[in-house]
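A short write-up of the structure that comes next.
In the working numbering, the protein residues as written are -17 to 119.
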């Protein structure tokens, strides 16, 4: 009887664990970098570490977004996407990213005309997550 209880306990733990793992599948950020002077992006990096993905999503989600169309003076430096889970649908959130001329902030624009200039700290954290490098000032 103890063996049967142990078996079902282990089976339950495995099922719960695999369910948690399935929830993390697809949780990644895809980063593309602009090539030379053209508005063409090439694959640059994938961020798969759960803590980094969560931190990047939190930075983007909690930013002080403005609903206005912004015309930037140059092409974006990077483009990144991550899965956006809504209660009713799953979709990909896509962002264009510029490093500000002073090199201290990141500016982000969405395809739905939302704009944000991140704080220096959030900029440094997000840039390191997306590129693996420090934001140069």
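Built from N, CA and C at the ideal position, the CB exists for glycine as well.
The structure presented is a predicted model; accordingly, all values stated were derived computationally and were not measured.
Whether residue i touches residue j by CB criterion (7 Å)
i	j	result
residue 26	residue 13	yes
residue 97	residue 79	no
residue 62	residue 11	yes
residue 101	residue 77	no
residue 108	residue 58	no
Backbone secondary structure at residue i - three-state DSSP
i	result
residue 56	coil
residue 75	strand
residue 7	For residue 7, the predicted structure reports a pLDDT of 48, less than 50, and the residue's modelled location is therefore unreliable. The matter cannot be settled from this model.
residue 38	helix
residue 49	strand
residue 113	helix
residue 2	At residue 2 the pLDDT is 45, less than 50, meaning the model places this residue with poor confidence; the figure from the coordinates comes in the next sentence. Correct three-state label for residue 2: helix.
Residue burial classification, residue i (beta-carbon count within 10 angstroms, cutoff 16)
i	result
residue 42	buried
residue 104	buried
residue 55	exposed
residue 17	exposed
residue 111	buried
residue 29	buried
residue 52	exposed
residue 149	Because the chain here runs from -17 to 119, residue 149 falls outside it and cannot be looked at.
residue 90	buried
Proximity test, Cβ basis, 7 Å: residue i and chain B
i	result
residue 116	Checking the listed chains, one finds no chain B in this structure; it contains a single protein chain.
Cross-strand partners of residue i (DSSP beta bridge)
i	result
residue 19	In the DSSP output, where bridge partners are listed per residue, residue 19 has none listed.
residue 31	Bridge partners of residue 31: none, in fact.
Any beta strand (DSSP E) of 3 or more consecutive residues that is wholly inside the stretch 75 to 104: 88 to 92, 96 to 99
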